[in-house]
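Throughout, the numbering used here is defined as the position within the sequence shown, counted from one, plus 793.
Note that the Cβ used here is the ideal one computed from N, Cα and C, for glycine as well.
This one's a predicted model, so the numbers in the text were calculated from it and none came from an experiment.
Working notes, beginning with the structure itself.
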Amino acid sequence: MLTISCPHCGFAKQVDPSRIPNTVVRVTCPNCNESFPFGRNAADIPDAPNEEHELSIGEDTVDEIAALPKAGFWIRVVATLVDAVVLTVLQVILSFLLGLVTSGFNGGMTEQGMVALSLVYSLFGTMLSMAYYVTFTGHGGQTPGKMAVRVKVIRTDGADITYGRAFFREVLGKFVSGVLLCIGYIMVAFDSQKQGLHDKIADTYVIKL
């Protein structure tokens, strides 16, 4: 067996030499999602161009992914607190701008209108929070909070996190985790792979970088 090591993060995987392509292709590391040239002559061609097909070293790596160091309960709490601060700042700024837009209507607004406006503000905050988590997680598996503590969301099979998967985890999965008296979140402290219920629902891990 031949060991392939990611030059970016050092993640290593053993592969059968017969699977090594004769031409240089770019492979994607399942740990850091960075790509690098791979092939029999890759060492001589550091800037090899992309092939139309991409060979992923995430194939058959379920065991390797499961063995990666996972982020525990408290470090994830810290990441959540950082994200809460960032979200609060965003909400204050954007709510202020929204208030400027709607201020001209407040003078002659009825009681029903004020209630409707309050609902708009509430819906705005909810949508902003959803967009924040889904966008950052779907883009690279890290919100600013996770970047700060160097943890990352990955698929259990090593595949990239997509926006659809991020929505499934961050919105639907976390709703279930929260509605069960937050037991889905507390599971992180006791699960062998440090998965919350939302991680299990979305087939994800949160790993340390």
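{"Item": "How should ASP809 be labelled, buried or exposed, when 16 other C-beta atoms within 10 angstroms of its C-beta is the threshold for buried?", "Value": "exposed"}
{"Item": "Determine, using beta carbons only, whether ILE886 and THR949 come nearer to each other than 8 Å.", "Value": "no"}
{"Item": "Based on the DSSP output, what are the partners of THR928 in its beta bridges?", "Value": "According to DSSP, THR928 bridges with nothing at all."}
{"Item": "Going by the CB atoms, is the gap between VAL879 and VAL946 shorter than 8 Å?", "Value": "no"}
{"Item": "Please return the same chain residues whose Cβ sits closer than 7 Å to the Cβ of TYR926, not counting the five positions on each side in sequence.", "Value": "THR936 and GLU963"}
{"Item": "Can you list, in chain order, the residues of its chain whose CB lies under 8 Å from that of VAL944, leaving out five sequence neighbours each side?", "Value": "ALA864, ILE868, ARG869, ALA872, GLN935, VAL999, ILE1000, LYS1001 and LEU1002"}
{"Item": "Starting from PHE1003 and walking both ways along the beta strand (DSSP E), at which residues does that stretch end?", "Value": "The requested residue 1003 is not part of the displayed model; the chain covers only 794 to 1002."}
{"Item": "Could you name the residues of the same chain whose beta carbon sits closer than 6 Å to that of LEU861, not counting the 5 residues immediately before and after it, in chain order?", "Value": "ILE1000"}
{"Item": "Excluding five sequence neighbours on each side, which residues of the same chain lie with their C-beta closer than 6 Å to the C-beta of THR881?", "Value": "none"}
{"Item": "From ILE994, LEU965 and ALA952, pick the residue whose C-alpha is nearest to that of ASN824; which is it?", "Value": "ALA952"}
{"Item": "In whole angstroms, what is the alpha-carbon distance linking THR955 and THR997?", "Value": "11 Å"}
{"Item": "Opposite LEU795 in the DSSP bridges: which residues?", "Value": "VAL808"}
{"Item": "Tell me the residue span of the alpha helix (DSSP H) that contains ARG958.", "Value": "956-960"}
{"Item": "Can you tell me which of ALA877, ASP876, THR903 and VAL913 puts its alpha carbon nearest to the alpha carbon of SER888?", "Value": "VAL913"}
{"Item": "Could you check how far apart the C-beta atoms of ALA982 and PHE866 are, in whole angstroms? I think they sit under 8 Å.", "Value": "4 Å"}
{"Item": "Between which residues of its own chain and SER798 is the CB-CB distance below 6 Å, once the five residues before and five after are set aside?", "Value": "ALA805"}
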